[in-house]
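K.L.:
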Amino acid sequence: MLSRLLHLSHPIFLARHRWLVLQMVRREIMARYQGSVLGASWGVLSPLLILAAYTFVFRTVFKARWPGGTDSTAEFVLQLFAGLLVFNLFSEVLTRAPRLVLEQPNLVKRVVFPLETLSWVAVGAVMFNAAIALGILLVATVALGSHLTPWVLATPLVLACTVPMLLGLCWLLSGLGVFLRDIGHVVGPAVSLLLFVSPVLYPTSALPSFLSDLLWLNPLTFPIEALRGLVLKGTPPEWGALASYTAIGLAFAFLAHRLFERIRPAFADEV
Numbered sequence: 113m114l115s116r117l118l119h120l121s122h123p124i125f126l127a128r129h130r131w132l133v134l135q136m137v138r139r140e141i142m143a144r145y146q147g148s149v150l151g152a153s154w155g156v157l158s159p160l161l162i163l164a165a166y167t168f169v170f171r172t173v174f175k176a177r178w179p180g181g182t183d184s185t186a187e188f189v190l191q192l193f194a195g196l197l198v199f200n201l202f203s204e205v206l207t208r209a210p211r212l213v214l215e216q217p218n219l220v221k222r223v224v225f226p227l228e229t230l231s232w233v234a235v236g237a238v239m240f241n242a243a244i245a246l247g248i249l250l251v252a253t254v255a256l257g258s259h260l261t262p263w264v265l266a267t268p269l270v271l272a273c274t275v276p277m278l279l280g281l282c283w284l285l286s287g288l289g290v291f292l293r294d295i296g297h298v299v300g301p302a303v304s305l306l307l308f309v310s311p312v313l314y315p316t317s318a319l320p321s322f323l324s325d326l327l328w329l330n331p332l333t334f335p336i337e338a339l340r341g342l343v344l345k346g347t348p349p350e351w352g353a354l355a356s357y358t359a360i361g362l363a364f365a366f367l368a369h370r371l372f373e374r375i376r377p378a379f380a381d382e383v
């Protein structure tokens, strides 16, 4: 398994069909904003509007402060935005994945089309949005009076380490979603629940030790805490944890892709 996983021709590494994927990602990003008055500006406005809504509710209405921090609105906004950045990555993939194959019946019936690339396209599109959000986070951190350290250069590594996990979720849910249409209905409530069982609205340090240990089993916890550390605290990530997270993601993506390929011949009969 390991030797096959590390082979650069494996779909996880995008060595095959990379130009097709790049063109499809580009088309998807352009189609998302085509026809809108503000165009690609929505890529910046959307996360800002969501952040403004959360900040208003928790800071203005509930008078909340960041656990373990000061009573600073700036600190609350930055901590919350860093958590939402990673959460939005996973929520967009989880929401879209169950219908990823179902929405492309013409491609399913083309035997020569590599359906596994649809997951790469979906992940590439959400990564584009995450890159914009990361730029907003860095600019806001400086604008609100905090200082960035050279460790901020490692933020792309944190985002990159989530790619295998996101691909695995895409292959798993898009494959099963062809046969189990109920998955699409389950994902919505599951994503809402995921927001509250992930350290988005609070840090892991705010929980009792036994709950904090359980929270690290959540695939969102490490990238959220690592991103906050790099940008807001100027501390390096735990390299061992980063390597372990990436390795687990690769193994999960490998197994999910194997399942996807095994059930793929039956897709045409279902769509």
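For the working numbering, add 112 to where a residue sits in the sequence shown, where the first one is 1. Note that the Cβ used here is the ideal one computed from N, Cα and C, for glycine as well.
Between the alpha carbons of G352 and A359, how many angstroms are there, rounded?
P.N.:
11 Å
K.L.:
Nearest-angstrom Cα distance between F366 and S184?
P.N.:
44 Å
K.L.:
Any idea if P311 is buried or exposed, counting beta-carbon neighbours within 10 angstroms, 16 or more meaning buried?
P.N.:
It is buried - the Cβ of P311 has at least 16 other Cβ atoms within 10 Å.
K.L.:
What do you get for V238, buried or exposed, if any count of 16 or more other CB atoms within 10 angstroms of its CB means buried?
P.N.:
By the neighbour-count criterion, in which a residue is buried when 16 or more other Cβ atoms sit within 10 angstroms of its Cβ, V238 is buried.
K.L.:
If you reduce the DSSP assignment to three classes, tell me which class D183 lands in.
P.N.:
coil
K.L.:
Quick one: what does DSSP say W178 is sitting in, helix, strand or coil?
P.N.:
Note: W178 maps to coil in three-state DSSP.
K.L.:
Leaving out five residues on either side along the sequence, give the residues of the same chain with a beta carbon under 7 Å from the beta carbon of E204.
P.N.:
Within its own chain, the residues whose Cβ lies closer than 7 Å to the Cβ of E204, once the five positions on either side in sequence are excluded, are V238, listed in chain order.
K.L.:
Using 10 angstroms around the beta-carbon of I336, count the other beta-carbons present and answer buried if the total reaches 16, otherwise exposed.
P.N.:
buried
K.L.:
Does W351 come out as helix, strand or coil in the three-state DSSP assignment?
P.N.:
Under the three-state reduction of DSSP, W351 is assigned to helix.
K.L.:
Could you check which residue in G296, T172, K345 has the C-alpha nearest to that of T261?
P.N.:
K345
K.L.:
If L214 and G289 are in contact, beta carbons under 8 Å, what's the gap, nearest whole angstrom?
P.N.:
6 Å
K.L.:
Assign T253 to one of three DSSP states: helix, strand, or coil.
P.N.:
Correct three-state label for T253: helix.
K.L.:
Please go through the same chain and pick out, in chain order, the residues whose beta-carbon is closer than 7 Å to the beta-carbon of I375, but skip the five residues on each side of it.
P.N.:
Taking I375 as the centre and dropping the five residues before and after it, the same chain places the C-beta of G287 closer than 7 Å to its C-beta, in chain order.
K.L.:
Would V343 count as contacting chain C if we go by Cβ distances under 8 Å?
P.N.:
Annotation note: the requested chain C is absent from the structure, which comprises a single protein chain.
K.L.:
State the DSSP-derived secondary structure class of R128, mapped to helix, strand or coil.
P.N.:
coil
K.L.:
For my contact list, L332 and F240 are in at a C-beta cut-off of 8 Å; report their separation, rounded to the angstrom.
P.N.:
The Cβ separation is near 19 Å, so there is no contact.
K.L.:
Could you check whether the region 243-260 touches the region 154-173, counting it as contact only if at least three pairs of C-beta atoms, one from each stretch, sit closer than 8 Å?
P.N.:
yes
K.L.:
DSSP three-state call for L118: helix, strand or coil?
P.N.:
Residue placement at L118 is poorly supported in this model, since its pLDDT is 46, which falls under 50; the coordinates are not used for a value here.
K.L.:
With a threshold of 16 other CB atoms inside 10 Å of the CB of A143, please say whether the residue is buried or exposed.
P.N.:
In this structure A143 is exposed. Its beta-carbon is surrounded by fewer than 16 other beta-carbon atoms within 10 angstroms.
K.L.:
Could you check the C-alpha separation between A368 and T182 for me, to the nearest Å?
P.N.:
Taking the straight line joining both Cα atoms gives about 43 Å.
K.L.:
Taking the alpha helix (DSSP H) that H259 falls in, what are its first and last residues?
P.N.:
That residue, H259, is in no alpha helix (DSSP H); it is neither H nor E in DSSP.
K.L.:
Give me the Cα-Cα distance between F364 and N330, rounded to the nearest whole angstrom.
P.N.:
14 Å
K.L.:
Ignore the nearest five residues each way along the sequence and tell me which others in T267's own chain have a CB closer than 7 Å to its CB.
P.N.:
L246, L339, L342, V343
K.L.:
Quick test of your reading: V133 and W232, contact by CB under 8 Å. State the CB separation rounded to the nearest angstrom.
P.N.:
5 Å
K.L.:
In the DSSP assignment, find the alpha helix (DSSP H) that holds E228 and state where it starts and stops.
P.N.:
Note, E228: premise wrong, no alpha helix (DSSP H); not H, not E.
K.L.:
Can you tell me the Cα-Cα spacing of L326 and V309, whole angstroms?
P.N.:
10 Å
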